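In my numbering, the protein residues as written are 24 to 205.
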């Protein structure tokens with residue numbers, strides 16, 4: 024452990040998440056990393072769908088006086104990343120590019136150029152529609168509303184009332200399982 028790091032200090036950290044999409048990638052990374060610091064007070068502030076420099080400047084104006092900042096950013100385009108890097112350097116703020124290192128590793132391995140399309144992983148493909156169908160199934164056959172659902176379901180949950188069967192059904196439906204419960 025470096026000499027200037029101590030374990031007995033409760034510190035507040037403001038994690039700023041800047042993304043040109045929903046920001047889930049950076050948020051998930053932030054929460055996973057923050058779990059390593061149980062004694063720190065971690066605050067998260069998301070800035071999703073930041074797709075132009077005007078919006079980025081508005082974010083900078085809002086956060087420039089926040090104490091103890093760490094900026095995590097997931098921005099596809101270089102011209103949006105550079106202002107974040109510059110702002111962080113000028114204000115002596117730690118910043119982490121969540122997206123580019125992975126893209127660069129894949130580019131170097133494949134020799135292919137990235138398409139630089141914002142939200143490219145969120146495709147409306149068959150898997151997406153199957154998941155929506157499974158969620159609709161879970162709602163339709165929730166709490167034994169229609170017993171026919173038990174025959175069509177991938178999973179049937181049985182339990183006493185008020186034991187969180189419905190939330191579990193929806194969670195499993197989000198994993199593409201058709202779930203009925205009673």
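Just so it is clear, CB atoms sit at the ideal spot from N, CA and C, and this is done for glycine as well. A quick note: this is a predicted structure, and the numbers were derived from the prediction, not measured.
Next on the checklist: Suppose only complete runs of 3+ residues qualify. What are the beta strand (DSSP E) ranges in the stretch 40–125, listed by chain order?
Outcome noted: 64–70, 92–97, 117–120
Item to check | Distance, residue 116 Cα to residue 35 Cα | outcome: 14 Å
Item to check | Residue closest to residue 149, alpha-carbon to alpha-carbon, out of 179, 65, 101, 199 | outcome: 199
Item to check | Own chain residues within Cβ distance below 7 Å of residue 45, not counting five before or after | outcome: 71
Checklist entry - Going by the CB atoms, is the gap between residue 43 and residue 103 shorter than 9 Å? => result yes
Checklist entry - Over what stretch of residues does the beta strand (DSSP E) that includes residue 205 continue unbroken? => result Counting along the chain, residue 205 falls outside any beta strand (DSSP E), and DSSP gives it neither H nor E.
Item to check | Straight-line gap, residue 201 to residue 54 (C-alpha atoms, nearest Å) | outcome: 30 Å
Next on the checklist: If you measure between the beta carbons of residue 120 and residue 89, is that distance less than 9 Å?
Outcome noted: no
Checklist entry - What first and last residue would you give for the beta strand (DSSP E) that runs through residue 162? => result Counting along the chain, residue 162 falls outside any beta strand (DSSP E), though it belongs to the alpha helix (DSSP H) covering 149–163.
Checklist entry - Using the C-alpha atoms, what's the distance from residue 173 back to residue 246? => result Residue coverage of the chain in this structure runs from 24 to 205, which leaves residue 246 outside it and unanswerable.
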